[in-house]
Amino acid sequence: MDDCTKPLPRLQRLVKDLVKQLQGQDSGQWANTRVSGLDRTLGEISRILEKQNNADQVAFQVGGGLSALEQILMVVTAASTPTAVPRIPVKSLCAAVNIYYLACSRCHLNCSYVLFSNKVAFLMDLLLHQLTLFVPDEDKSIFGRSVNKQVFEGLTTGLLQTSATILSLILPYVPECGRGDAPRILSPDTKTKTSPMEPLNTRAHDLISYVVNMGLIDKLYGCFLSVQGPVDESPKMSTFLHQATALLHAMCKLCFAVTGRSPSIFDNKRADPTGLTALLQSTDLVGVVHALYCILLHSSALPEPAAQSPQEPYASGVIQVALTGLRFLNSFALLDLSAFQTVLGAEGLSLAFRHIVSSLLWYCSQHSSEELLHEVLICVGYFTVNHPDNQVIVQSGRQPSVLQKLCQLPFQYFSHPRLIKVLFPSLISACYNNPQNKVILQQEMSCVLLATFIQDCASSENHPDNRTQQADKVSQLLDYCELSNRFPRDQWDSALQFFLKKQED
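Heads up, the working numbering is the position in the sequence shown plus 151, with the first residue counted as 1.
Here it is, written out as structure tokens:
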């Protein structure tokens, strides 16, 4: 640890150069020569930190690098109109934000430092300032219509990326869906009264409350609502949307871990004193579903194209927005499943959600994208579990329906244990206690497969060795692929009987 926190000579020199360049002139535009010197120093620092070496990252922070970057970025706050020209060119400011991101990326120590030193509040204030310049306060009936498209330029996006990275790394490392054997999220069970994580939990809780109350999420809501069509040809806009959804996803994960709520997804006794859950619900999930519908469902990419006119693949940036968008939706389902099902099942959004899912299932059938497919499957499961109205939504619409598409996934999803654990809980959720959906399911596969899966999960749970392993694992992580985290444990027996029962004529 001592080696990691000892500033490395070259970085120390560069940070000193940075601090020296910031001394002197307090107002007015920077001269070209001064800007060139700043850009040169920032470029050298960037090249070092791009290697993502933790020792370099911590050395940069210990040497005062983050404080120097704060000083540079402070000039942004002087702008009071979208057309105001900052004292330091925007290109240099973007470089400074990128270095802040590089200093924190994959570096838990620096992210923890940014939280406990309250530098994270400065970043959030800066982000809100930028959003306020370009997203006017509007009557809710026209919200999003007068957003200045300059908001999608690099500086705001860089601040979103940096903030999302810090919030996602405040907690111990948790793999995402598709990385490793299973998607997981930190459980609140890790927190006890004597836990050394208690100060971190308190700080993180306060941070979420601060972000909720400052109006930042309302501004993002306006940005998402401003999306009215495809962004395949607008990489800056798709990058902005990707980083904005990443920030929302990180906030939900953090909130789930630190609010002390029950680790059971199906426990109705939930409390979120931060106010995040209520705000996300009141803004229809910050307009993310609206934006996904607009960027995925447009005239040049029909959701269910005819076989003779194959759909053009989406731009990679659009798929990134879809992936982070689905991750955000799934993390909100963990926070409050009932609110998640209510919002997405509402008359306006349910049709859009069905089209989004159908389109992404079609895309994943044509292009290899396991991460995205798994997030879609998990989302459909949470959408339908114990919700008869939402179960109807996945079997309605143009054929093949969402439910039929789930049953028509490649053979390995019905044979490989790892993939079965992703798909089968969603099929169980979509069909349990719904005879009509069960009939559709039986046209494509045998219900005995689902019954056997439930039996296997119950047997595995009762095995002595597995019980010990589960006790250790559940205290640390919630695994999206564990059946008990996808379908209520107390309903396994009745579900088993439902899927074994012969369909009556």
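Don't be surprised by glycine CBs; every beta carbon is placed ideally from N, CA and C.
Rounded to a whole number of angstroms, what is the C-alpha to C-alpha distance between residue i and residue j?
i      : j      : result
Leu277 : Ala182 : 24 Å
Asp154 : Phe267 : Reliability fails at Asp154, whose pLDDT of 48 lies under 50, so the model's placement of it is uncertain and the value that follows must be treated cautiously. Looking at the two C-alpha atoms, the distance is approximately 22 Å.
Leu554 : Leu578 : 8 Å
His525 : Tyr372 : 26 Å
Leu253 : Ser610 : 46 Å
Gln180 : Lys300 : 25 Å
Arg354 : Arg421 : 20 Å
Val657 : Arg257 : Since the first and last residues shown for the chain are 152 and 656, residue 657 lies out of range.
Glu327 : Val469 : Residue placement at Glu327 cannot be trusted, given a pLDDT of 46 that sits under 50; what the coordinates show is reported in the next sentence. Spanning the two alpha carbons is a distance of roughly 19 Å.
Cys582 : Asn588 : 5 Å
Ala408 : Gln281 : 29 Å
Thr475 : Gln594 : 33 Å
His567 : Leu574 : 11 Å
Phe273 : Asn352 : 19 Å
Gly548 : Ser516 : 19 Å
Leu224 : Leu306 : 10 Å
Leu511 : Val543 : 19 Å
Ile250 : Ser197 : 6 Å
Phe391 : Thr308 : 5 Å
Pro539 : Ala497 : 13 Å
Asp418 : Asp487 : 9 Å
Thr535 : Val186 : 56 Å
Leu500 : Val494 : 7 Å
Phe491 : Leu480 : 8 Å
Glu349 : His356 : 10 Å
Leu320 : Cys262 : 6 Å
Return the first residue and the last residue of the alpha helix (DSSP H) that residue i is part of.
i      : result
Tyr361 : Glu349 to Met365
Trp513 : Glu498 to Gln517
His280 : Lys270 to Phe285
Ala581 : Pro568 to Cys582
Phe407 : Pro386 to Val409
Ser187 : Asn183 to Leu200
Gln312 : Gly305 to Leu320
Gly380 : It is not in any alpha helix (DSSP H) - Gly380 carries neither H nor E in the DSSP assignment.
Leu601 : Cys598 to Asn613
Leu437 : Looking at the sequence provided, one finds Val at residue 437 rather than Leu. No alpha helix (DSSP H) contains Val437, which DSSP labels as neither H nor E.
Tyr533 : Glu521 to Thr535
Gln212 : Asn205 to Val213
Leu560 : Leu560 -> no alpha helix (DSSP H), and no H or E assigned at all.
Ala230 : Note, Ala230: premise wrong, no alpha helix (DSSP H); not H, not E.
His259 : His259 to Phe267
Gln222 : Gly216 to Leu224
Pro586 : Pro586 to Glu595
Assign residue i to buried or exposed, taking buried as 16 or more other Cβ atoms, counted over all protein chains shown, within 10 Å of its Cβ.
i      : result
Pro160 : exposed
Asn636 : buried
Asn584 : exposed
Lys242 : exposed
Pro464 : exposed
Val599 : exposed
Lys556 : buried
Asn613 : exposed
Gly380 : exposed
Arg505 : buried
Phe562 : exposed
Asp641 : exposed
Ser389 : buried
Lys404 : buried
Pro233 : exposed
Ser467 : exposed
Lys344 : Unreliable placement is indicated for Lys344, whose pLDDT of 45 sits below 50; the coordinate value is still reported in the next sentence. Per the 10 Å Cβ criterion, exposed.
Ala229 : exposed
Cys472 : The residue you asked about is not Cys; residue 472 is Val in the sequence shown. Result: buried.
Asp644 : exposed
Asn541 : buried
Thr396 : buried
Ser580 : buried
Pro576 : buried
Kindly identify the DSSP beta-bridge partner or partners of residue i.
i      : result
Asp487 : Asp487 pairs with nothing; no bridge assigned.
Asp369 : Paired residues: none, contrary to the question.
Taking residue i and residue j to be in contact with their CB atoms under 8 Å, please state how far apart those CB atoms are, rounded to whole angstroms.
i      : j      : result
Leu165 : Glu195 : 6 Å
Leu220 : Thr192 : Rounded, the Cβ-Cβ distance is 11 Å, inconsistent with contact.
Leu162 : Phe211 : 5 Å
Leu485 : Ile529 : Not quite, the Cβ-Cβ distance comes to about 10 Å (not below 8 Å), so this is no contact.
Val248 : Thr313 : 6 Å
Asp423 : Cys406 : 7 Å
Ile507 : Val437 : Contact flag wrong, Cβ pair sits at about 15 Å.
Using a Cβ-based criterion (distance less than 7 Å to any ligand heavy atom), does residue i qualify as near the ligand FAD?
i      : result
Ala229 : As far as ligands go, the structure on display features none, and thus does not contain the ligand FAD.
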